[in-house]
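Using UniProt numbering, the first residue of the sequence shown is number 1, and each one after it goes up by one.
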Amino acid sequence: MPKLFWHEHPVSAWDEYLSGECDFCLGSLQDRSYYCNSCTRKWHRNCIPHEPTINHQSHPNHPLEFLADGIPDYTDGKCQFCLGMKFGYHCSICDFNVDVNCVKKPPELTINHHKCHEHTLTLMARAVSFVCNACGTLGQRNAYVCLVCSLMFHKECITLPRVINVNRHNHRVSYTHSLVHGDRICTVCYKEVDWRYGSYFCLRCPSFDAHSKCATRADVWDGSDLEGVSEEEKDISPFKVIGENLINHFSHEEHNLELIVDANAIDKVQSSRCEACVSYIGYEQYYSCTERVFLLHESCANFTRQMRHGLSSRLLDLEVEKKTFKCSTCKSFSNGFKYHVPSRYSWMVISGDEFSLDLRCASIPWIFDHPCHPHTLFLTSVDDDTCGACNMSARPVLNCIECEFTLCYECAILPEKIYHKCDDHLLSLCHAEDSSVQYWCEICEAQADPKKWFYTCQDCSVVCHIQCALGGDFANIKTGIPAIDGMTEFEVVLNGGITRPRCFKCLSRCQAPVILQGSSDNGVLDYACSFVCSYWESLWQQSVSVPTEEDIF
Numbered sequence: 001m002p003k004l005f006w007h008e009h010p011v012s013a014w015d016e017y018l019s020g021e022c023d024f025c026l027g028s029l030q031d032r033s034y035y036c037n038s039c040t041r042k043w044h045r046n047c048i049p050h051e052p053t054i055n056h057q058s059h060p061n062h063p064l065e066f067l068a069d070g071i072p073d074y075t076d077g078k079c080q081f082c083l084g085m086k087f088g089y090h091c092s093i094c095d096f097n098v099d100v101n102c103v104k105k106p107p108e109l110t111i112n113h114h115k116c117h118e119h120t121l122t123l124m125a126r127a128v129s130f131v132c133n134a135c136g137t138l139g140q141r142n143a144y145v146c147l148v149c150s151l152m153f154h155k156e157c158i159t160l161p162r163v164i165n166v167n168r169h170n171h172r173v174s175y176t177h178s179l180v181h182g183d184r185i186c187t188v189c190y191k192e193v194d195w196r197y198g199s200y201f202c203l204r205c206p207s208f209d210a211h212s213k214c215a216t217r218a219d220v221w222d223g224s225d226l227e228g229v230s231e232e233e234k235d236i237s238p239f240k241v242i243g244e245n246l247i248n249h250f251s252h253e254e255h256n257l258e259l260i261v262d263a264n265a266i267d268k269v270q271s272s273r274c275e276a277c278v279s280y281i282g283y284e285q286y287y288s289c290t291e292r293v294f295l296l297h298e299s300c301a302n303f304t305r306q307m308r309h310g311l312s313s314r315l316l317d318l319e320v321e322k323k324t325f326k327c328s329t330c331k332s333f334s335n336g337f338k339y340h341v342p343s344r345y346s347w348m349v350i351s352g353d354e355f356s357l358d359l360r361c362a363s364i365p366w367i368f369d370h371p372c373h374p375h376t377l378f379l380t381s382v383d384d385d386t387c388g389a390c391n392m393s394a395r396p397v398l399n400c401i402e403c404e405f406t407l408c409y410e411c412a413i414l415p416e417k418i419y420h421k422c423d424d425h426l427l428s429l430c431h432a433e434d435s436s437v438q439y440w441c442e443i444c445e446a447q448a449d450p451k452k453w454f455y456t457c458q459d460c461s462v463v464c465h466i467q468c469a470l471g472g473d474f475a476n477i478k479t480g481i482p483a484i485d486g487m488t489e490f491e492v493v494l495n496g497g498i499t500r501p502r503c504f505k506c507l508s509r510c511q512a513p514v515i516l517q518g519s520s521d522n523g524v525l526d527y528a529c530s531f532v533c534s535y536w537e538s539l540w541q542q543s544v545s546v547p548t549e550e551d552i553f
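Now the structure itself:
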């Protein structure tokens, strides 16, 4: 058993598999390791220091001593290069640390990368603050310096891609070392872009600028450098124009669709649903097939076959969905059209293998004006935050850069005005100006939280919970079809009977205008008032708390 100069116990050499991680580099152990029977510590053999002092190429002035007794109190305890430090070497004269990983794989002393800079860049291995000329942000150590031009770079910024696609713009954008003098705002974070440092711009659109760090974020850039790659022009139009106010849409090629502009005709179908967004037609112009069984809002018919959206770094494909899916952003269920991309290509990942975006969320741009907030909202990041409309934590949110207000997508897609049978007038989305006033929902008769948005009638002062006014969990699902693929015993139906059926799970009366209906084993009709009470939610959550009659009454 070998004796190591820096360890007090003899150690054993293992040639077979040894579980755990190396106490030096923290990497997983496999074969050819050392093990201490006395203190159960383990190391890779190639991590073991064999000399108490070494000469390191990044610090040629003095030898480095192995820290056998731990990190000195006077040092910050960080490796000069990777900023991690558990075991390594130290120069007490210069207060210079290098951990065992960086001893094995030292950084490059010089770099020649002519796409970044025409001259050789030299590593300045010391803790010194600088502004990177490639990205315009601060660095604290290890600048790569051009001694001829007095320029300084982060190592990771030396290899910034030259031509990329970002999800905030429809054209390719290019890297430049500096922009033309002027006031510029980053299209991603909406903060000032310093024209003297490297950034991205669009050759076609002079209004587009983006910080280098913002444009290459994982949620913004798809990771591909397109320099030298030819750009293909694809036809992404969703329909062919057949004649005046007549189109053939890709989702319904068997019949042409006619644009209905007559107000009386629109009035007759205001309770019918759009096949794409599954919202009611209302008083919007719409397309209808000759058989009058397929309706599309004019705006929904114009959704392109592919689109870039701030919620995915990859190009999204428009799909005509035949099954019910869960929108990855607002978390609501729908069986309308959706934009889709495999989850490995998106920062928004849900259970399963896909990222799905319903058309309501797809219609919300990353620059958004909402009637209930005085300032413009922006999708600046993908961080969690608390929504100012529902007071719930959400990801992502739209941010106001003038105040601290944030808005989740579930609230952003709420219609500004709706009809409900509880009142003869339009109900408007609003928030309470006086939070001390008590409000009561006209539909469920429960108290409404004044800190959350609600629907109200400006003429009658009627107040409704948003969920009650919009129709509950099934409001965005077309009726008359199975609710769940593979579980055809449940169907989405209108709750239009004289008496409200009782939910088979929670035993309360189903109040929503759209509910689930199914047959139990004995042939009796069962009803579910929400996803919490349905078999579907059991599949998602694997456990449902079912109250008894004593809990209800």
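Here a beta-carbon is modelled for each residue, glycine too, at the ideal position from N, C-alpha and C.
**Prompt:** Mind checking whether Trp-366 and Gly-282 have CB atoms under 7 Å apart?
**Reply:** no
**Message:** For Ala-134 and His-154, which I take to be in contact (beta-carbon distance under 8 Å), what is that distance rounded to the nearest angstrom?
**Reply:** 7 Å
**Asked** Among the residues of its own chain, which have a CB less than 6 Å from the CB of Tyr-200, if the five just before and after it don't count?
**Response** Val-173, Tyr-175, Ala-210 and Ala-215
**Request:** Report all residues from its chain with a CB closer than 7 Å to the CB of Cys-533; omit the five preceding and five following residues, and keep chain order.
**Result:** Cys-503, Lys-505 and Cys-506
**Prompt:** What is the rounded straight-line gap between the Cα of Ile-93 and the Cα of Tyr-197?
**Reply:** 36 Å
**Message:** Buried or exposed for residue 557, going by 16 or more other Cβ atoms inside 10 Å?
**Reply:** Given a span of 1 to 553 for the chain in the structure shown, any question on residue 557 remains unanswerable.
**Message:** Pairs of beta-carbons, one from the region 114-122 and one from the region 144-164, closer than 8 Å: are there three or more?
**Reply:** yes
**Asked** Helix, strand or coil: which one does DSSP assign to Asn-495?
**Response** coil
**Asked** Is Ser-346 buried or exposed, if buried means 16 or more other CB atoms sit within 10 Å of its CB?
**Response** With a pLDDT of only 49 at Ser-346, under 50, the local geometry of the prediction cannot be trusted, and the value read off the model is given with reservation. Buried.
**Message:** Can you check which of these residues, Pro-371, Lys-213 and Cys-186, is closest to Pro-206 by C-alpha distance?
**Reply:** Cys-186
**Asked** By how many angstroms is the C-alpha of Ser-224 removed from the C-alpha of residue 557?
**Response** A question about residue 557 goes unanswered here, because the residues of the chain that appear run from 1 up to 553.
**Message:** Among Thr-329, Cys-387 and Asp-383, whose alpha-carbon lies nearest the alpha-carbon of Arg-360?
**Reply:** Thr-329
**Request:** Please specify which runs of the alpha helix (DSSP H), each continuous and at least 4 residues long, are wholly inside the region 31-116, giving them in chain order.
**Result:** 100-104
**Request:** Would you list the one or two residues that DSSP bridges to Met-152?
**Result:** Val-145
**Request:** Hey, could you find the ends of the alpha helix (DSSP H) residue 554 is sitting in?
**Result:** A question about residue 554 goes unanswered here, because the residues of the chain that appear run from 1 up to 553.
**Item:** Pairwise C-alpha distance: Leu-377 and Cys-387
**Value:** 12 Å
**Request:** Classify His-297 as helix, strand or coil using the three-state DSSP reduction.
**Result:** strand
**Asked** Which residues bound the alpha helix (DSSP H) around Ser-332?
**Response** It is not in any alpha helix (DSSP H) - Ser-332 carries neither H nor E in the DSSP assignment.
**Prompt:** Is the distance from the Cβ of Cys-468 to the Cβ of Cys-444 below 7 Å?
**Reply:** yes
**Asked** Going straight from the alpha carbon of Thr-120 to that of Gly-228, what length do you get?
**Response** 24 Å
**Message:** Excluding the 5 residues flanking Phe-208 on each side, which residues of the same chain have their C-beta closer than 7 Å to its C-beta?
**Reply:** His-169, Val-173, Thr-187, Phe-201 and Cys-202
**Asked** What beta strand (DSSP E) runs, 3 residues minimum, are completely inside the region 172-198?
**Response** 173-176
**Message:** Please state whether the Cβ-Cβ distance between Leu-398 and Leu-414 is less than 7 Å.
**Reply:** no
**Asked** Does the separation of the CB atoms of Thr-75 and Glu-65 fall below 7 Å?
**Response** no
**Request:** Determine the contact status of Phe-325 and Ser-356, defining contact as a CB-CB distance below 7 Å.
**Result:** yes
**Prompt:** Where does Val-293 land, buried or exposed, given buried means 16+ other C-beta within 10 angstroms?
**Reply:** exposed
**Message:** So, at 7 Å on beta carbons, what are the nonlocal neighbours of Arg-141 in its own chain, with the 5 sequence-adjacent residues on each side left out?
**Reply:** Gln-80, Arg-126, Ala-127 and Val-128
**Request:** Could you pull out every residue in the same chain whose Cβ sits closer than 6 Å to the Cβ of Asp-473, ignoring the five residues on either side in sequence?
**Result:** Ser-530 and Phe-531
**Request:** Would you mind reading off the limits of the alpha helix (DSSP H) that contains Ser-212?
**Result:** 212-215
**Prompt:** Ordered along the chain, which non-local residues of its own chain (more than five positions away) have a Cβ less than 8 Å from that of Ser-436?
**Reply:** Pro-450
**Request:** Quick one: measure Cβ to Cβ for Gly-182 and Ala-276, integer angstroms, because I've assumed they're closer than 8 Å.
**Result:** The pair is not a contact, with the Cβ atoms about 41 Å apart (cut-off 8 Å).
**Request:** Since I believe Asp-73 is in contact with Asn-165 (beta carbons under 8 Å), could you give me their beta-carbon distance rounded to a whole number of angstroms?
**Result:** Incorrect: roughly 50 Å between the Cβ atoms, too far for contact.
**Asked** By Cβ distance below 7 Å, which residues in the same chain neighbour His-9 in space, the five residues on each side in sequence not counted?
**Response** Cys-36, Ser-38 and Cys-39
**Request:** Tell whether a beta-carbon distance below 7 Å holds between residue 559 and Gln-285.
**Result:** Not covered by the structure: residue 559. The range shown for the chain is 1 to 553.
**Asked** Counting along the chain, where does the alpha helix (DSSP H) carrying Ala-469 start and finish?
**Response** 466-470
**Asked** With 16 as the cutoff for other CB atoms within 10 Å, does Arg-184 come out buried or exposed?
**Response** buried
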